[in-house]
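J.:
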Amino acid sequence: MSRPTTDYYEILGVPRDADTDAIKAAYRKLALRHHPDRNPGDKEAEERFKAGAEAYSVLSDAEKRARYDRFGVEGVRGGGSAGFDPNAFVDFADILGDFFGFGFGGGGTRRGRQRPGEDLKTDLELKFEESAFGVERSIPLRRYERCDSCRGTGGKEGTGAGPCGTCRGRGRVQFRQGFFAMERPCPDCGGAGEVVKDPCPECRGDGRTVRERTLKIGVPAGVDDGARLRLTGEGNHGRAGGPPGDLYVVLSVAPHDQFRREGFDIILTWAIPFPLAVLGGKVTVPTLHGETAFDVPAGTAAGRVFTLRGQGVPRVDGRGKGDQHVVLTIRVPKKVTGAQKEAVQRLSEVLGAEAGAPTKEEKGFLERLREFIAG
1169 MSRPTTDYYE ILGVPRDADT DAIKAAYRKL ALRHHPDRNP GDKEAEERFK AGAEAYSVLS
1229 DAEKRARYDR FGVEGVRGGG SAGFDPNAFV DFADILGDFF GFGFGGGGTR RGRQRPGEDL
1289 KTDLELKFEE SAFGVERSIP LRRYERCDSC RGTGGKEGTG AGPCGTCRGR GRVQFRQGFF
1349 AMERPCPDCG GAGEVVKDPC PECRGDGRTV RERTLKIGVP AGVDDGARLR LTGEGNHGRA
1409 GGPPGDLYVV LSVAPHDQFR REGFDIILTW AIPFPLAVLG GKVTVPTLHG ETAFDVPAGT
1469 AAGRVFTLRG QGVPRVDGRG KGDQHVVLTI RVPKKVTGAQ KEAVQRLSEV LGAEAGAPTK
1529 EEKGFLERLR EFIAG
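Okay, here's the thing in structure tokens:
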């Protein structure tokens, strides 16, 4: 099937002043839509895919694009028909990535036997106070480390690695898929281009063995639930002398029986007796830093919030502390004596006992707390 010559900009759907990123994005969109693997047996989709690849190969090259803008198609085809050469597009892998499970063209080279180590993750539970003030903890760790017998080479002492017979040292093997010439890592050497001829019996050629370790880590003050600490180089060691991975420690914080945390602030719900709410007075409450007293004015309603500056959690960056917010509730006795009942009745007569919608100062604890948290 012949394909009529059309405008390369029109094929990709971009304006003539489109930059490189726009051209690349347009080609990726077109290629993923019309790729033959997604449209088996569809000749029209195949032709559109080829046209897009040809357009991109020209517009993504500054020199070719300049010739095309000046002379048109003949300026880049040399007077003939360039057609579609699947071996020419060796740089398309960075655009299509591994979307279809393979790489394009013959641009791959062997990577060598060195491989970076894998990252590891472990969980650590902290007490509430430990997360606030920091702590040093020891954690057990099981990881791959360099094999002492072969010093990480993977081969018996005195032996080394030789070229892979399957890929002849290239690290990649070729195959065809439809009209494409493809390459992929060699299945026998994993893309290294070489294999260990006489594997180490201790590590079976891997160059690493599993070991149990105990690491001491310092947890900084102010960390919160779900925080993640990164310990560089404490993951699995790499193969054949490759760099080690990292260890990520995911923190969980146990709840406190009195305090609740919001960022670096602490919220404490504290009950005071009814007489103190009516007459006012001093109340002492716990904080992370010890007990602190403050004055409660006469006529304080349930749900009122008092802020104690600097009594919260230390900030991770060391710049001060958060605050503690004390939400007061009124403690009402469930059982009263005769004398107490008589006293309350006399107080009711003096203060009045009319029911009605609460004022702003009389709103319940939960509503006031929601308003406070919402800011």
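Numbered as in my numbering, the sequence shown ends at 1543 without a single skipped number.
For every residue, glycine included, the Cβ atom is placed at its ideal position computed from N, Cα and C.
Bear in mind the structure is a predicted one, so any value in this text is a computation, not a measurement.
1. Are the CB atoms of G1413 and P1284 nearer to each other than 8 Å?
2. Buried or exposed: where does S1225 fall if 16 or more other Cβ atoms within 10 Å of its Cβ makes it buried?
3. Rounded to a whole number of angstroms, what is the C-alpha to C-alpha distance between L1165 and G1320?
4. Considering only residues of the same chain and omitting the five flanking positions on each side of L1383, which have a CB-CB separation below 6 Å?
5. Tell me the rounded alpha-carbon separation between C1357 and G1403.
6. Just the C-alpha distance for S1228 and G1373, rounded to the nearest angstrom, thanks.
7. Within 10 angstroms of the Cβ of E1214, are there 16 or more other Cβ atoms? Answer buried if so, exposed if not.
8. So if DSSP puts P1482 in a beta bridge, which residue, or which two residues, is it bridged to?
9. Pop quiz: R1472 and L1496 are said to be a contact at Cβ under 8 Å. What is the actual Cβ separation, rounded to whole angstroms?
10. With V1446 as the anchor, note down where its alpha helix (DSSP H) starts and where it stops.
11. Quick one: what's got a C-beta closer than 8 Å to G1448's C-beta in the same chain, skipping five residues either side?
12. Suppose the cutoff is 6 Å on Cβ atoms and the five residues either side in sequence are ignored; what does the same chain contact list for R1396 look like?
13. Tell me where the beta strand (DSSP E) around L1294 begins and ends.
14. Would you mind listing the beta strand (DSSP E) stretches within the region 1366-1436 that are 3+ residues and don't spill past its ends, in chain order?
15. With DSSP run on the structure shown, which of helix, strand or coil describes T1277?
16. Going by C-alpha to C-alpha distance, which of T1452, F1432, I1435 and G1431 sits closest to P1441?
17. Answer with buried or exposed for K1489, where buried requires no fewer than 16 other C-beta atoms within 10 angstroms of its C-beta.
18. Nearest to G1486 by CA position, among F1301, P1204, V1244 and G1209, is which residue?
19. Specify, as a first and last residue, the run of the beta strand (DSSP E) that A1329 falls within.
20. State yes or no: is the C-beta of A1199 within less than 8 Å of the C-beta of E1293?
21. Between which two residues does the beta strand (DSSP E) containing V1226 stretch?
22. In or out: G1394 buried (at least 16 other Cβ within 10 Å) or exposed?
23. Where does E1222 land, buried or exposed, given buried means 16+ other C-beta within 10 angstroms?
T.: If we stick to the structure as given:
1. By 1-based counting over the sequence shown, the position of residue 1413 is 245. By 1-based counting over the sequence shown, the position of residue 1284 is 116. In this structure, G1413 lies near P1284, with their beta-carbon atoms less than 8 Å apart.
2. Locating residue 1225 in the sequence shown gives position 57, where the first residue counts as 1. Burial is judged here by how many other beta carbons sit within 10 angstroms of a residue's own beta carbon; S1225 has at least 16 and is buried.
3. What is shown of the chain runs 1169 to 1543, which leaves residue 1165 out entirely.
4. As a first step, residue 1383 must be located in the sequence shown, where it is residue number 215. Correct list, in chain order: I1307 and L1309.
5. As a working note, residue 1357 is residue 189 in the sequence shown. As a working note, residue 1403 is residue 235 in the sequence shown. Computed Cα separation, rounded: 24 Å.
6. Looking up residue 1228 in the sequence shown gives position 60. Looking up residue 1373 in the sequence shown gives position 205. Distance between the alpha carbons of S1228 and G1373: 44 Å.
7. Translated into positions along the sequence shown, residue 1214 becomes position 46. Residue burial is scored here from C-beta neighbours: E1214 has at least 16 other C-beta atoms within 10 angstroms and is therefore classed as buried.
8. Taking the sequence shown and counting its residues from 1, the one referred to as residue 1482 is at position 314. Answer is K1489.
9. The sequence position of residue 1472 within the sequence shown is 304, counting from 1. The sequence position of residue 1496 within the sequence shown is 328, counting from 1. About 5 Å; that satisfies the 8 Å criterion.
10. For the purposes of this step, residue 1446 is identified with residue 278 of the sequence shown, where counting begins at 1. Looking at the DSSP string, the run of the alpha helix (DSSP H) that includes V1446 is F1442 to L1447.
11. As a working mapping, residue 1448 is identified with position 280 in the sequence shown. Once the five neighbours on either side are set aside, the close Cβ partners of G1448 are D1463, V1464, P1465, A1466, G1467 and T1468.
12. Locating residue 1396 in the sequence shown gives position 228, where the first residue counts as 1. So the list reads Y1416 and V1418, once near-sequence residues are dropped.
13. One-based indexing of the sequence shown puts residue 1294 at position 126. Note, L1294: beta strand (DSSP E), L1288 to L1294.
14. 1376-1387, 1396-1399, 1415-1421 and 1427-1430
15. Within the sequence shown, residue 1277 is the residue found at index 109, counting from 1. Confidence is the limiting factor: at T1277 the pLDDT is only 48, short of 50, which leaves the residue's position unreliable, though a coordinate-based value still follows. In this structure, T1277 counts as coil in the three-state DSSP scheme.
16. Taking the first residue of the sequence shown as position 1, residue 1441 is located at position 273. When only C-alpha atoms are compared, the closest one is T1452.
17. Within the sequence shown, numbered from 1, the residue matching residue 1489 stands at position 321. Sixteen is the threshold: when 16 or more other Cβ atoms of the shown chains lie within 10 Å of the Cβ of K1489, as they do, the residue is buried.
18. Here the question's residue 1486 lines up with position 318 in the sequence shown. Closest option to G1486, Cα to Cα, is F1301.
19. The sequence position of residue 1329 within the sequence shown is 161, counting from 1. Taken as a continuous stretch (DSSP letters only), the beta strand (DSSP E) holding A1329 covers A1329 to P1331.
20. For the purposes of this step, residue 1199 is taken as the residue at position 31 of the sequence shown. For the purposes of this step, residue 1293 is taken as the residue at position 125 of the sequence shown. Cβ atoms of A1199 and E1293: not closer than 8 Å.
21. Counting from 1 along the sequence shown, the entry for residue 1226 is found at position 58. In the DSSP annotation of this structure, V1226 is not part of any beta strand (DSSP E); the continuous alpha helix (DSSP H) holding it starts and ends at K1211 to L1227.
22. In the sequence shown, the residue the question calls residue 1394 occupies position 226. Under this definition G1394 is an exposed residue.
23. Sequence index remark: in the sequence shown, residue 1222 carries index 54 (1-based). Flag for E1222 reads buried.
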